[in-house]
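The sequence shown maps to residues 4 to 171 in the numbering used here.
All remarks here apply to the structure that follows.
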Amino acid sequence: MGNKFVRAVFPGSFDPITNGHLDVVKRAIGLFDELIIAVGRSPIKNQLFTPQERVEMIVELIGDTPGVIIESFEGLMVEYAARKKATVVLRGLRSLTDVQYEFQLAMTNRAVAGIETIFIMTSEQYGFTSSTLIREIASLGGDLSNLIPPSVQRRLQERYARLRAEKT
Ligand code: ADP
């Protein structure tokens, strides 16, 4: 006890990363020796940015933080975690609604892979921030400066401008 190296994986879509995700990362850094932010491909979610673009955006923001690694992965998250020798899955919680789904996910991951999940509650000001809503607001040209970093806002503006140009 005490000197064991603990590596955690923070898996998610991060499409795109928000201040809420970054808040969870900031809080987690001191708790683990290494934190891998793992950008996944969800077969059911509609994705705006490619996994590579999502990784790039995160690297731009926090790529030089000691103990933080940013990667994308394919396939089952628990298999990825095992390959990386991570013993903890980190997830963020915004509300009681999140708990319901996350509880089920954590129980399933423990049942199938024996991996524990640790939750960190986001700061109140990001309790309603979701990547899905961010994409929706950005597609309509809204100002998101309180909820996402400026670099992410710029990427969103560029992406939606391009999508609009392609349509016409
Ligand atoms: P996923 O598709 O795996 O849900 P997300 O990128 O939506 O991927 O979320 C990744 C993790 O970050 C999840 O645990 C989610 O609950 C958490 N999360 C999402 N938005 C926030 C936020 N605003 N504050 C804290 N945690 C968040």
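Here a beta-carbon is modelled for each residue, glycine too, at the ideal position from N, C-alpha and C.
Which value, in whole angstroms, describes the spacing of the CA atoms of Glu-63 and Pro-152? 11 Å
Leaving out the 5 sequence neighbours to the left and right, which residues in its chain are closer than 8 Å to Val-91 when beta-carbon positions are compared? Val-9, Arg-10, Ala-11, Val-12, Phe-35, Ile-118, Glu-119, Thr-120 and Ile-121
Specify the secondary structure class of Ile-151 as computed by DSSP and reduced to three states. coil
Going straight from the alpha carbon of Leu-38 to that of Val-71, what length do you get? 5 Å
Apart from the five residues on each side of it in sequence, which residues of its chain come closer than 6 Å, Cβ to Cβ, to Leu-2? Past the boundaries of the shown model lies residue 2; the chain is included only from 4 to 171, so the question cannot be answered.
Comparing alpha-carbon positions, which option in Ala-164, Glu-169 and Asn-149 lies nearest Gly-23? Asn-149
According to DSSP, is Ile-137 helix, strand or coil? helix
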